[in-house]
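Position one of the sequence shown corresponds to residue 1 (the UniProt record's numbering), numbered consecutively onward.
The next block holds one structure in the form of C-alpha cells; read it before the comments.
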Amino acid sequence: MRHASTALMPLAEAVARLVAGIVPVAEEGRSVHAALGFTAARDLIAERDWPEATSALRDGWAVAADAVTGASAYAPVLLSTPPVWVEAGGRLPEGACTVLPPEALEGRAFVADAPPGDGARRGGEDVKAGTCLVAAGARITPLHRLTLAAAGRDTLPVRVPRIALVATGAASPVVAMLSDLIARDGMVPGETVAAPDESVALSAALTDSRADATFVLGGTGPGRTDHSVAALARAGTVLAHGIALRPGETAAFGRVGDRAVLLLPGRPEAALAAYLALGRPLGAALTGARPPEPETAPLLRKVTGTIGMSDVVFVRRRAGGVDPLGGVDLALSRLAEAEAAILVGPEHEGYPEGAPCAILPL
C-alpha cells in the first residue's frame with residue numbers, strides 16, 4: 001500500500017522504467033487473413049508483380065489500340081480477326097493493350113477508339129515484385145491484406161503479445177473495456193482471471209508464465225481490501241506505486257521474473273487514463289510497433305492542469321477541434337462520449353482555448 005506522503009513518480013520516468021528491458025515478442029507466422037491488427041515483425045516484400053500480366057480493368061473488347069484508331073459511328077473499323085471479349089481482371093490476349101466498352105462494337109465493326117492502355121492495367125503496375133508493402137513495426141490493416149494477398153504473400157511474420165488479465169474483487173464492466181483496448185492495440189487478451197481481494201491468492205494469479213505481460217484491474221488504492229501491490233511484491237518486484245497521473249495516480253507496475261506486470265486502478269476513467277499513459281507504451285514495446293503519426297487539434301475550450309502532474313483529459317471531436325469532457329471523476333455517461341484524449345504535461349497549468357494539442361486516440 002502506498003502511503004499518502006509517498007512522492008509520485010513523474011509519468012515520463014514511469015514509462016521509461018516500465019518498458020526498460022522489454023523487447024518485442026518473438027515473431028510468428030499467421031495467414032494473411034489472420035494477421036489483421038497485428039504488427040509486422042519484418043518488412044513485408046511483394047513476391048510477384050500484380051497484375052502478373054496486362055489485365056482488363058473493365059468488361060469489354062480487348063484490342064490493339066492502333067487497330068481501331070479513328071473509329072467512329074461515321075467511320076467504323078472492321079478488324080481482320082474477331083475481337084476477344086474479356087472480363088474485368090482477366091488477362092489480355094497477346095497483342096492487345098486496350099479494352100473498349102461493349103457499346104464500342106456494333107455488329108462486326110468498331111465505332112469508337114481509345115488510347116493505348118485505356119481500360120487496362122499493365123503487368124506490375126499495381127505492385128512490383130520486390131516492393132516493400134508494409135514496413136516492420138506497422139499494424140496490418142485491411143488494405144495491407146488486400147495488397148499482400150495480391151502480391152503473393154500467404155503467411156506473414158507478425159508479433160502477437162499475449163496479455164494475462166486479472167480482475168480483483170467483484171465483477172467489473174471495466175474488464176471488457178480493458179480487453180477491447182488490448183485487442184485493438186495488436187495484442188491478445190487472455191481469459192480474465194477473477195481473484196479475491198487477498199494478497200496470497202492474487203500473487204498466485206500473477207504467475208501465469210504463458211503470458212508476455214500481466215494487467216491487473218483494481219486493488220491499487222489505500223483501501224483495506226486493496227491488495228494488488230502487496231500481491232505483486234509477494235510474487236515479484238514492485239518498481240513503482242503512485243504515478244503523477246490524473247486520473248490514475250494509484251497505478252503501479254513491476255516484474256514477475258522478466259514479465260512486466262501493470263496494476264490499473266478500478267475506476268473506469270482512471271483505468272482508461274492509466275492504460276493510455278502506461279499500458280499502451282508497454283504494448284508498443286512488446287509488439288515493436290512504430291510510433292503513430294502525431295495528430296494535433298485545437299481546443300474548443302480551455303483545460304486546466306496541475307503543475308507536477310500529467311493530466312489526461314478526455315475529448316470529443318467536433319468541427320474545428322476537440323471539446324474537453326473532463327478527466328478526474330468523470331461520470332460514466334460522459335466518459336462514453338469520449339473519442340480521444342489529450343495529455344496536459346506536468347510543466348503546464350493547462351491550455352487555453354484554441355491551443356493545438358496532441359491527440360491520444362482511444
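For every residue, glycine included, the Cβ atom is placed at its ideal position computed from N, Cα and C.
Note that the structure is a prediction, hence the values are computed from the model and not measured.
Checklist entry - Looking only at C-alpha atoms, which of 39, 61, 121 sits nearest to residue 52? => result Considering only alpha carbons, the answer is 121.
Item to check | Residue range of the beta strand (DSSP E) that includes residue 241 | outcome: Run containing residue 241: 237-241, per the beta strand (DSSP E) assignment.
Checklist entry - Leaving out the 5 sequence neighbours to the left and right, which residues in its chain are closer than 8 Å to residue 5 when beta-carbon positions are compared? => result Low confidence applies to residue 5: its pLDDT is 34, below 50, so where it sits in the model is not reliable enough to give any reading.
Item to check | For residue 15, the three-state DSSP class (helix, strand or coil) | outcome: helix
Item to check | Under the three-state DSSP convention, the category residue 269 falls into | outcome: Helix.
Item to check | Those residues which DSSP pairs with residue 351 across a bridge | outcome: Residue 351 is bridged to 303.
Checklist entry - In angstroms, rounded to a whole number, what distance separates the CA positions of residue 283 and residue 57? => result 42 Å
Checklist entry - Can you round the beta-carbon distance between residue 227 and residue 197 to whole angstroms, since I take them to be within the 8 Å contact cut? => result 6 Å
Checklist entry - Among 205, 338, 243, which one has its Cα closest to the Cα of residue 269? => result 338
Checklist entry - How many angstroms separate the CA atom of residue 135 from the CA atom of residue 144? => result 11 Å
Item to check | Cβ separation of residue 204 and residue 162, assumed to be a contact under 8 Å, to the nearest whole Å | outcome: Not really, about 19 Å apart at Cβ, beyond 8 Å.
Checklist entry - Going by beta carbon distance, what residues of the same chain come within less than 8 Å of residue 318, once the five residues before and after it are set aside? => result 300
Next on the checklist: Looking at the strands, I want to know which residues DSSP matches up with residue 98.
Outcome noted: 63
Item to check | Sheet register partners of residue 39 (DSSP bridge) | outcome: Residue 39 is bridged to 139, 159.
Checklist entry - Exposed or buried, what is residue 165 when buried is set at 16 or more other beta-carbons lying within 10 Å of its beta-carbon? => result buried
Item to check | Delimiting residues of the beta strand (DSSP E) encompassing residue 193 | outcome: 188-195
Item to check | Through-space distance from residue 129 to residue 123, alpha-carbon basis | outcome: Distance from the CA of residue 123 to the CA of residue 129, rounded to the nearest whole angstrom, comes to 11 Å.
Next on the checklist: For a quick check, are the C-beta atoms of residue 167 and residue 194 less than 7 Å apart?
Outcome noted: yes
Checklist entry - Does the distance from the CB of residue 72 to the CB of residue 111 come in under 7 Å? => result yes
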